[in-house]
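Throughout the sequence shown, residue numbering follows the working numbering, covering -3 to 224 in sequence.
Just so it is clear, CB atoms sit at the ideal spot from N, CA and C, and this is done for glycine as well.
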Amino acid sequence: MTQRQENILSMWNTAETVLSANEEVWSSLNAFAAAAERFRNIHLEIDPNARIQKTATTGIALDKQLVRRRLTAQVAQLAANLQAFATVAQNNTLLDQVSFRPTHFDRLRDSMLPIVVRSLLEKARQYSAALPDYGVTGATVEQVELALKEYESMNTAPRVAIGTRKTARADIMQQLRDGNAQLELMDKLVGNFSAAHPDFVAAFRNARNVIHLGGHKTPKEDKDKPAA
C-alpha cells in the first residue's frame, strides 16, 4: 500500500470517529445518512479494525487538535485563577509556580503538556478550600482532569497498522475511490447542520484533511521479484 493510500485511510479513521460521535445529529438527514452507511461498509471491507471506532463516546469531538485546544484553554484559565489567588494571598512561592502566559500552553510539546497540567491540578487540590471564590471548584478540577485524560488517550493511541492488509491493490484503489465519493457527498451536505450543530460541522471538515504520516514515500512492492 502506498503512503498516499495510508494517509487516506488515516483520514477515514478520523472521519469515522467523528461520524460515530455525532450519529444523532446527522441520522435525520436521509441523503447524508445513506452516504455515511455506504462509506462505513466500504471502510469495514478495507479495514476490519475500523469497527473499533464505533465505540467512541457520543457527542465528544475527537479530533486531536480540537481536544488539545480545549485542554489548553481550560488549563490557561486554571493557571490565571491560581495566579489571582496567589497574588491576593501574597503567596509568592505559589505565584512563581503558577505564573504562565496563556500562549505558553499552546507552545508546549505534546509530551510536556500533561506534566504541566498535572502540576497545576496538584496546586488546585492543595489550596482547594480557598479557591472557589477565584473560580476553581471541584467541578472545575474534574473538567480539566477529564480533558487531560481525553487528550492523553488520543495522543498515545497507535494508528491502525495498514501495511499487512492482504486485499489486492486494485481492489483497494477502487474501494478508496468509492469511499471518497461518499465522503464528498457528505462534504456537500454537512453544511445543513451548521446552524444547529456547528461543532460537528467543524470536526467533520477537520477530519477530512488527509494526515501526512511522513515525508518519505512508501516503497512499492517489487513485482515478480525472485526469492532471495
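For residue i, the three-state DSSP class (helix, strand or coil)
{"i": "Q79", "result": "helix"}
{"i": "A11", "result": "helix"}
{"i": "G187", "result": "helix"}
{"i": "G175", "result": "helix"}
{"i": "S24", "result": "coil"}
{"i": "V132", "result": "coil"}
{"i": "N18", "result": "coil"}
{"i": "T51", "result": "Note that T51 scores 39 on pLDDT, short of 50, meaning its location in the model is unreliable; the coordinates nonetheless yield the value given after this. In this structure, T51 counts as helix in the three-state DSSP scheme."}
{"i": "A157", "result": "In this predicted model, A157 has a pLDDT of only 30, less than 50, meaning its place in the structure is not dependable; the value taken from the coordinates is given anyway. DSSP places A157 in coil when its eight states are reduced to three."}
{"i": "N87", "result": "coil"}
{"i": "R65", "result": "helix"}
{"i": "Y123", "result": "coil"}
Beta-carbon proximity list for residue i, same chain, < 8 Å, skipping 5 on both sides
{"i": "Q178", "result": "A31, A32, R34, F35, I38"}
{"i": "A164", "result": "Confidence is the limiting factor: at A164 the pLDDT is only 46, short of 50, which leaves the residue's position unreliable and the question unanswerable from this model."}
{"i": "Q1", "result": "I158, I168, M169, L172"}
Minimum Cβ-Cβ distance from residue i to chain B less than 7 Å
{"i": "Y123", "result": "The structure shown has no chain B; it contains just one protein chain."}
Other residues of its chain near residue i: CB distance less than 7 Å, five sequence neighbours each side excluded
{"i": "A46", "result": "Any reading at A46 is ruled out, since the residue's pLDDT is 41, under 50, leaving its predicted position unreliable."}
{"i": "G175", "result": "W8, F35, I38, H39"}
Closest by C-alpha distance to residue i, when choosing among the options
{"i": "D195", "options": "Q(-1), A17, I4, M7", "result": "A17"}
{"i": "E146", "options": "D174, I42, R65", "result": "R65"}
{"i": "A75", "options": "Q61, V84, F101", "result": "F101"}
{"i": "L91", "options": "E19, R103, N77", "result": "N77"}
{"i": "S190", "options": "Q(-1), T(-2), W22", "result": "W22"}
CB contact flag (residue i, residue j, <7 Å)
{"i": "L127", "j": "F81", "result": "yes"}
{"i": "T137", "j": "A120", "result": "Per the sequence shown, the amino acid found at residue 137 is Val instead of Thr. Going by C-beta atoms, V137 is nearer than 7 Å to A120."}
{"i": "L67", "j": "A135", "result": "no"}
{"i": "F200", "j": "V14", "result": "yes"}
{"i": "I4", "j": "L172", "result": "yes"}
{"i": "P110", "j": "E148", "result": "yes"}
{"i": "L185", "j": "A27", "result": "yes"}
{"i": "L25", "j": "N188", "result": "yes"}
Span of the alpha helix (DSSP H), counted from its first residue to its last, around residue i
{"i": "T99", "result": "98 to 103"}
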